[in-house]
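What follows is one structure encoded as structure tokens, with my remarks underneath.
There are 2 protein chains.
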Amino acid sequence: MPYLFVRPYLTTRGLVPENQESPIHFIESGITSARNHFKRNHFAYPSLASFNYWIPIRGNVKTPLWLSLQQLYALPFITVSTLLECAGNKRSLFEPEVFGEQWGKGAMSQGNWQGVQLRTLLTMAGIQEGSVEVVVEGYDKGKRANSDEPVSYKRSLPLEKAMHTDTLIAYAYNDKPIPFRHGFPLRLIVPGWYGMASVKWIKQIEVSDKHYRGPFQAEDYVYYPEKDSDKGSFPVRVINVNSSILRPTDRDLLSRGTHVIEGIAWSGSDEIVKVEISVDNGVSWTEADLNHVGEGNYHWKRWFYEWEVSKPGEYTILSKSTDESGQVQPTKSFWNRKGYGYNAVDKINVKIE
Amino acid sequence: MPYLFVRPYLTTRGLVPENQESPIHFIESGITSARNHFKRNHFAYPSLASFNYWIPIRGNVKTPLWLSLQQLYALPFITVSTLLECAGNKRSLFEPEVFGEQWGKGAMSQGNWQGVQLRTLLTMAGIQEGSVEVVVEGYDKGKRANSDEPVSYKRSLPLEKAMHTDTLIAYAYNDKPIPFRHGFPLRLIVPGWYGMASVKWIKQIEVSDKHYRGPFQAEDYVYYPEKDSDKGSFPVRVINVNSSILRPTDRDLLSRGTHVIEGIAWSGSDEIVKVEISVDNGVSWTEADLNHVGEGNYHWKRWFYEWEVSKPGEYTILSKSTDESGQVQPTKSFWNRKGYGYNAVDKINVKIE
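Respectively, the protein sequence lines represent chains A and B. FYI, the working numbering numbers position 269 of the first sequence as 269, with every residue one higher than the one before it. Basically the working numbering = 1-based index in the second sequence + 1000.
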């Protein structure tokens, strides 16, 4: 029991708003406890006193609803076990470097989200013809660097994703009410998409026949391939195929002998089917063992590779994952000005003494 | 009160041994609470059950002593308010990169250490002629990568430094018993020297007429200027003149207007007399305001610089400190294989929107 009495902490990237990274290298990689779940906020926490516990479902619907939490809790519910990954996860690895929170590999966590399918509510309200999106607004708001007026955190989902059977209005995480900092009382959960879609502290749900263009939809969470222009931009949505080497950690000093290299692999679009490891900086590759047991559709997969090493020196270790749809991690991540979706082949350096 | 209910955590670099960095960017920079103090260990924690609460002071002395904690507590004591800085602080900034714990800027903390001057004990025991060093051994031990036999953490101090009025056998930190993880019941405190000198969990104190050559004296904590040979090596001792920009944080996105750039500056050899700031990557420099109030000899000094910025764009901000003996931070730190004593001019990049 080597970890007895010693525990990892969240890594603080900012306090106002609170942004804290999960200690992903140091926790068992199954279900992330609420305490170790990463936190990513755009503003200071909203005031609970401002909350109205009746949630409107309105806009382009036949029967607008105004549901209390009690009414929501009484509806049929499901549990979706999923990872959430911040679109800025691994941002610190971009070259050239970009601005914004310098996340390492821990802006992701996973666990069991429980609640009512968004489609249940939309079906109850009755979607009108001509609807294209569902806009969800959170109670969190504040000023942005380029505006004087406070804006709410608000995002839209295409109707098809909103009606997906796994898109949830969640009220519990790991069998407990969602902690306030993770979105109590209600949080949208959009499995397979980057975390910005999973709006916290839901204030209202609005069906719309127009495309929403608010700042968190059309300015942030957009890939800008160019440094000085917005040319060629497109929205951040599905989680890219990716992997992380969790142990050993980068720049470790190790003794000769056998080491287990271990990590995780994930993709928002499909199941991971292969993880390859190189211990010679990409000259040769070997398949890692993939753990398929007891993992949900939206979970990362754990992988292991037993490495026997007898020669002292410096080694560059790489991991590369492939998903069922054939997507493979690229050698160099697609660079974009705001630093989203980093997913290059993962890399660490170690020294054998 | 922007920090209300939001708190920073230690940043986990390793669990066995436990190595955790202080959230130095996010705490008020006066006295570090025990909870926020960085932790740097070489081995798993020693077992309290193995401790003998009688401390021998022996070796090349006239009257060997064997003191109980009660006897120690009864001796005259002093309080020394000092920073401790790990020799590997900022190791992650070396170029080319080096191996070992990849510390950022938070492998340092400061507070009030209370205890008996080591010179008091040495005087009681009576140092014999021909003595050159005092060797202090901790209860922490384990195997090193290159050895099969467990070794203790053990370090020597030149007699002159051991007899310095501020070198302590400490039993309290910030008016409470030293927490176990920081060296309970007794820790050597060597102000002005890098933290490896401040041996935790003291087991014995030995006066010696020889130069001690154990692994933590003659292998680790040695500057090796060359990558592949030990030529030109010399021991790590006094803390280099240094400074850190604490806020804003690196790669922040800021709005136009006035920002307070703030940080700390320190030196193990003398008082900091000047901190200069550049907001144009070193083209021009301006003196920052230095806070001289209420700070001890071995404290870092806080500094502030009010920056008015109206033009959007990217800025490289530098800080450079000078101590009373005339030492100045270099533009590039002295590279050494094990990555000790990094002290280049500090640098962050920010973007004004």
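Backbone N, C-alpha and C define an ideal beta-carbon position, used for all residues, glycine too.
Chain-ordered neighbours of residue i on chain A, where CB pairs are closer than 8 Å
i                      : result
residue 1135 (chain B) : Ordered by position in chain A, no residue passes the 8 Å Cβ test against residue 1135 (chain B), which lies about 25 Å from the chain.
residue 1038 (chain B) : Correct list: empty, because the minimum Cβ distance to chain A is about 12 Å.
residue 1100 (chain B) : 251, 253
residue 1006 (chain B) : 15, 16, 18, 45
Neighbour flag for residue i against chain B, beta carbons, 7 Å
i                     : result
residue 2 (chain A)   : Summary for residue 2 (chain A): the model assigns pLDDT 43, below 50, so the residue's position carries little reliability, and this model does not support an answer.
residue 215 (chain A) : no
residue 357 (chain A) : There is simply no residue 357 (chain A) to check, as chain A begins at 1 and stops at 353 in what is shown.
residue 342 (chain A) : no
residue 30 (chain A)  : no
Neighbouring residues, chain B, relative to residue i (Cβ below 7 Å)
i                    : result
residue 26 (chain A) : 1012, 1015
Expected contact under 8 Å - CB spacing of residue i and residue j to nearest Å
i                      : j                      : result
residue 12 (chain A)   : residue 23 (chain A)   : With a Cβ gap of about 11 Å, residue 12 (chain A) and residue 23 (chain A) do not count as contacting.
residue 1350 (chain B) : residue 1305 (chain B) : Contact flag wrong, Cβ pair sits at about 13 Å.
residue 171 (chain A)  : residue 72 (chain A)   : 7 Å
residue 1267 (chain B) : residue 1242 (chain B) : 7 Å
residue 1031 (chain B) : residue 1089 (chain B) : Contact doesn't hold; Cβ gap of about 18 Å is too wide.
residue 1339 (chain B) : residue 1091 (chain B) : 4 Å
residue 1353 (chain B) : residue 1253 (chain B) : 6 Å
residue 164 (chain A)  : residue 173 (chain A)  : Actually they do not touch by this definition, with Cβ atoms about 20 Å apart.
residue 1202 (chain B) : residue 1121 (chain B) : The Cβ separation is near 11 Å, so there is no contact.
residue 1083 (chain B) : residue 1299 (chain B) : 6 Å
residue 109 (chain A)  : residue 37 (chain A)   : 4 Å
residue 157 (chain A)  : residue 134 (chain A)  : 5 Å
residue 1348 (chain B) : residue 1302 (chain B) : No, residue 1348 (chain B) and residue 1302 (chain B) are not in contact; Cβ-Cβ is about 17 Å, not under 8 Å.
Where residue i meets chain A, residues with beta-carbon distance less than 7 Å
i                      : result
residue 1023 (chain B) : 12
residue 1146 (chain B) : 353
residue 1097 (chain B) : 251
Beta-carbon neighbours of residue i, restricted to chain B and to distances below 9 Å
i                     : result
residue 224 (chain A) : Under the 9 Å cutoff, chain B gives no residues; its nearest Cβ is about 14 Å from residue 224 (chain A).
Check: residue i C-beta below 6 Å from any heavy atom of the ligand COA
i                    : result
residue 80 (chain A) : Ligands are entirely absent from the displayed structure, and the ligand COA is therefore not among its contents.
Beta-carbon neighbours of residue i, restricted to chain A and to distances below 9 Å
i                      : result
residue 1279 (chain B) : Under the 9 Å cutoff, chain A gives no residues; its nearest Cβ is about 16 Å from residue 1279 (chain B).
Contact with chain A by residue i, beta-carbon distance below 7 Å
i                      : result
residue 1204 (chain B) : no
Interface partners of residue i on chain B, CB under 8 Å
i                   : result
residue 9 (chain A) : 1009, 1010, 1011, 1012, 1020
Item to complete: Evaluate contact between the segment 1304-1316 of chain B and the segment 1254-1269 of chain B, counting only Cβ atoms and requiring at least three cross-stretch pairs below 8 Å.
Response: yes
Worksheet entry | Complete runs of the beta strand (DSSP E) confined to the segment 1015-1086 of chain B [at least 3 residues] | 1018-1021, 1054-1059, 1065-1068, 1078-1085
Item to complete: Decide yes or no for the touch test of the segment 185-197 of chain A against the segment 235-247 of chain A: beta carbon pairs closer than 8 Å, at least 3 of them.
Response: yes
Fill in: Length-filtered (4 minimum) alpha helix (DSSP H) runs lying within the segment 1116-1198 of chain B
1118-1125, 1159-1162
Practice prompt. Please determine if the segment 330-350 of chain A and the segment 1056-1065 of chain B are in contact, where contact requires at least 3 C-beta pairs separated by less than 8 Å.
Written response: no
Item to complete: Answer yes if the segment 1113-1128 of chain B comes into contact with the segment 1159-1174 of chain B, meaning at least three C-beta pairs across the two stretches below 8 Å, and no otherwise.
Response: yes
Worksheet item: Can you list, in chain order, the stretches of the beta strand (DSSP E) that have 3 or more residues and sit fully within the segment 1238-1300 of chain B?
Response: 1242-1247, 1252-1254, 1257-1266, 1272-1278, 1289-1291
Worksheet item: Is there contact between the segment 1174-1182 of chain B and the segment 1120-1128 of chain B, where contact requires at least three CB pairs shorter than 8 Å?
Response: no
Practice prompt. Could you tell me whether the segment 1032-1052 of chain B touches the segment 1013-1022 of chain B, where touching means 3 or more Cβ pairs closer than 8 Å?
Written response: yes
Item to complete: Kindly confirm or deny that the segment 43-55 of chain A and the segment 75-88 of chain A touch, where touching means at least three C-beta pairs closer than 8 Å.
Response: no
Practice prompt. Starting from the N-terminal side, write out each stretch of the alpha helix (DSSP H) that is 4 residues or longer and does not extend beyond the segment 1304-1334 of chain B.
Written response: none
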